[in-house]
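Colleague: In terms of numbering that gives the first Met the number 0, the sequence shown has 157 at position 158, counting the first letter as 1, and numbering is strictly consecutive. Just so it is clear, CB atoms sit at the ideal spot from N, CA and C, and this is done for glycine as well.
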Amino acid sequence: MHYHVLTLFPEMIEQGLHTSIIGRAIAAGTITLSAVNIRDYAGNRYGKVDDYPYGGGAGMVMQAEPVYQACQAVAEKIGRKPRVIYLTPQGQTFSQAMVEDFAKEEDLVFLCGHYEGIDERVLEEVVTDYVSIGDYVLTGGELPAMVMIDAISRFVPGVLSNEESAQFESFQDNLLEYPQYSRPAVWRGKEVPPILLSGHHANVEIWRRQQSILRTWQRRPELLEEAQLSKKERQYLEELCRQERQKEEEGKEAPHES
0 MHYHVLTLFP
10 EMIEQGLHTS
20 IIGRAIAAGT
30 ITLSAVNIRD
40 YAGNRYGKVD
50 DYPYGGGAGM
60 VMQAEPVYQA
70 CQAVAEKIGR
80 KPRVIYLTPQ
90 GQTFSQAMVE
100 DFAKEEDLVF
110 LCGHYEGIDE
120 RVLEEVVTDY
130 VSIGDYVLTG
140 GELPAMVMID
150 AISRFVPGVL
160 SNEESAQFES
170 FQDNLLEYPQ
180 YSRPAVWRGK
190 EVPPILLSGH
200 HANVEIWRRQ
210 QSILRTWQRR
220 PELLEEAQLS
230 KKERQYLEEL
240 CRQERQKEEE
250 GKEAPHES
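1. Can you give me the C-alpha to C-alpha distance between Gln62 and Ile117, rounded to a whole angstrom?
2. Between Thr87 and Tyr45, what straight-line distance do the alpha-carbon atoms span, to the nearest angstrom?
3. Using only the alpha-carbon positions, how far apart do Val4 and Pro52 sit?
4. When you compare only the Cα positions, how much space is there between His200 and Trp206?
5. Should Phe109 and Tyr2 be called a contact, given that it needs their Cβ atoms to be closer than 8 Å?
6. DSSP has Glu190 in a bridge; who is on the other side?
7. Could you please give the first and the last residue of the uninterrupted beta strand (DSSP E) stretch that includes Asn202?
8. When the Cα atoms are used, what is the spatial distance from Gln179 to Val66?
9. If we count the other Cβ atoms within 10 Å of its Cβ and call it buried at 16 or more, is Asp50 buried or exposed?
10. Rounded to whole angstroms, what's the CA-CA distance from Leu174 to Ile212? Just pull it up for me.
11. For Phe101 and Leu107, what's the separation of their Cα atoms in angstroms?
12. Just to confirm before moving on: does the CB-CB distance between Leu16 and Leu32 stay below 8 Å?
13. Taking the alpha-carbon of Gly269 as reference, which of Met0, Thr18, Tyr114, Gln89 has the nearest alpha-carbon?
14. What did DSSP end up calling Met147 once you bin it into helix, strand or coil?
15. What's the C-alpha gap between Gly250 and Arg244?
16. Could you have a look at Leu175 and say whether DSSP puts it in helix, strand or coil?
17. Leaving out five residues on either side along the sequence, give the residues of the same chain with a beta carbon under 8 Å from the beta carbon of Met59.
18. Suppose the cutoff is 7 Å on Cβ atoms and the five residues either side in sequence are ignored; what does the same chain contact list for Asp134 look like?
19. So, Met147 versus Val130, is the Cβ gap smaller than 8 Å?
20. I'd like to check one pair, Met11 with Glu141: are the Cβ atoms closer than 8 Å?
21. Since Thr29 and Val185 should fall inside the 8 Å C-beta cutoff, what is the C-beta to C-beta distance between them, to a whole number of angstroms?
22. Let's test the definition: count the other Cβ atoms within 10 Å of the Cβ of Gly198 and tell me whether it reaches 16, buried, or not, exposed.
23. Leaving out five residues before and five after Asn265 in sequence, what residues of the same chain have Cβ atoms less than 6 Å from its Cβ?
24. Please state if the CB of Ile20 and the CB of Val191 are separated by a distance shorter than 8 Å.
25. Do you know whose CA, among Lys189, Pro143, Thr215, lies nearest Tyr177's CA?
26. Closest to Val98 by CA distance: which of Ala144, Leu137, Cys111 is it?
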């Protein structure tokens, strides 16, 4: 996987992604990361890439030509028109399904905006995907780009030491990850669930699956609408719902102290 980040602040990308798992993957050559400075394509000696918006308004807008030339430079380097992701609150919300889709590409270009945005004409010309990491506004697209690169890289073969780590974590099968525990077995009076100490791997897997369903039901119930559950797992979910309804009814019937 080759990442190309078009940015006004290449040092932010370079400093933020050369540590931990992603840093090791870059060092090993499993993935490559190129921070392309849009100012290098400014066409003037000052590196100026922004101007006032037509129609008036606050702030500045990034000009079309420097962005276009930066994108063209990447296309010429790789020998084809790349998939270009523009980070914007107006885009489709980033999801696990998008992670797995993007991970199939050989090259990904991330276009990071700043100021009041980028001239719409160049977006229409080069952008293939508009992506948001949430319903809020940041000062630029660099942080969203790094979030996406981190998530996508986990599905690039060879990045993780144990590929199962990517396949069974949160949001796989539309379920959140089960609780994790490590040594000691008892910490400040809190014990690790006995099933995890039993050595019975089949029962451990059943417990983990049930815990994933339970945690999803408690924290992100909307994900269960698309979850692939077996008949027994559906029955388990129905029992959770029944118990919750029973608690609610008992709460309503409990006498109130005067």
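Modeller: From the atom records:
1. Start at 1 with the first residue of the sequence shown, and residue 62 comes out as number 63. Start at 1 with the first residue of the sequence shown, and residue 117 comes out as number 118. So the alpha carbons of these two residues sit roughly 6 Å apart.
2. Translated into the one-based positions of the sequence shown, residue 87 becomes position 88. Translated into the one-based positions of the sequence shown, residue 45 becomes position 46. The straight-line gap from Cα to Cα measures roughly 27 Å.
3. Translated into positions along the sequence shown, residue 4 becomes position 5. Translated into positions along the sequence shown, residue 52 becomes position 53. Taking the straight line from one Cα to the other gives about 25 Å.
4. Residue mapping note: residue 200 aligns to position 201 of the sequence shown, counting from 1. Residue mapping note: residue 206 aligns to position 207 of the sequence shown, counting from 1. Using only the alpha carbons, I get a separation of about 10 Å.
5. Start at 1 with the first residue of the sequence shown, and residue 109 comes out as number 110. Start at 1 with the first residue of the sequence shown, and residue 2 comes out as number 3. Yes, the Cβ-Cβ distance between Phe109 and Tyr2 is below 8 Å.
6. One-based indexing of the sequence shown puts residue 190 at position 191. The partner list for Glu190 (beta bridge, DSSP) reads Val185.
7. The sequence position of residue 202 within the sequence shown is 203, counting from 1. Not the beta strand (DSSP E): Asn202 falls in the alpha helix (DSSP H), residues 200 to 218.
8. Position 180 of the sequence shown, counted from the first residue, corresponds to residue 179. Position 67 of the sequence shown, counted from the first residue, corresponds to residue 66. Roughly 45 Å between the two C-alpha positions.
9. The residue you call residue 50 lines up with position 51 of the sequence shown. Exposed, since its Cβ has fewer than 16 Cβ neighbours within 10 Å.
10. As a position in the sequence shown, residue 174 is number 175, starting the count at 1. As a position in the sequence shown, residue 212 is number 213, starting the count at 1. Approximately 6 Å, taken between the alpha carbons.
11. Your numbering for residue 101 matches position 102 in the sequence shown. Your numbering for residue 107 matches position 108 in the sequence shown. Distance between the alpha carbons of Phe101 and Leu107 is about 8 Å.
12. Position 17 of the sequence shown holds residue 16. Position 33 of the sequence shown holds residue 32. It is a contact, given that the beta carbons lie within the stated cut-off.
13. Beyond the ends of the chain as shown, which are 0 and 257, falls residue 269; an answer cannot be given.
14. By 1-based counting over the sequence shown, the position of residue 147 is 148. The three-state secondary structure of Met147, taken from DSSP, is helix.
15. On the sequence shown, position 251 is the one that residue 250 refers to. On the sequence shown, position 245 is the one that residue 244 refers to. In a straight line, the C-alpha of Gly250 is about 10 Å away from that of Arg244.
16. As a working note, residue 175 is residue 176 in the sequence shown. In the structure shown, Leu175 sits in coil (DSSP, three-state: anything other than H, G, I, E or B).
17. Translated into positions along the sequence shown, residue 59 becomes position 60. These residues qualify, in order along the chain: Asp49, Asp50, Tyr51, Pro52, Tyr114, Glu115.
18. Residue 134 sits at position 135 when you count from the first residue of the sequence shown. Result list for Asp134: Pro88, in chain order.
19. Residue 147 sits at position 148 when you count from the first residue of the sequence shown. Residue 130 sits at position 131 when you count from the first residue of the sequence shown. Contact: yes.
20. By one-based count along the sequence shown, residue 141 stands at place 142. By one-based count along the sequence shown, residue 11 stands at place 12. Yes, these two residues count as a Cβ contact at 8 Å.
21. In the sequence shown, residue 29 corresponds to position 30, counting from 1. In the sequence shown, residue 185 corresponds to position 186, counting from 1. Contact doesn't hold; Cβ gap of about 39 Å is too wide.
22. To locate residue 198, count along the sequence shown from 1; it is residue 199. It is exposed - the Cβ of Gly198 has fewer than 16 other Cβ atoms within 10 Å.
23. Any answer about residue 265 is impossible in this case: the structure gives the chain only from 0 up to 257.
24. By one-based count along the sequence shown, residue 191 stands at place 192. By one-based count along the sequence shown, residue 20 stands at place 21. Not closer than 8 Å, so no.
25. Position 178 of the sequence shown holds residue 177. The option with the nearest alpha carbon to Tyr177 is Thr215.
26. Locating residue 98 in the sequence shown gives position 99, counting from the first residue. Out of Ala144, Leu137, Cys111, Ala144 has the C-alpha closest to the C-alpha of Val98.
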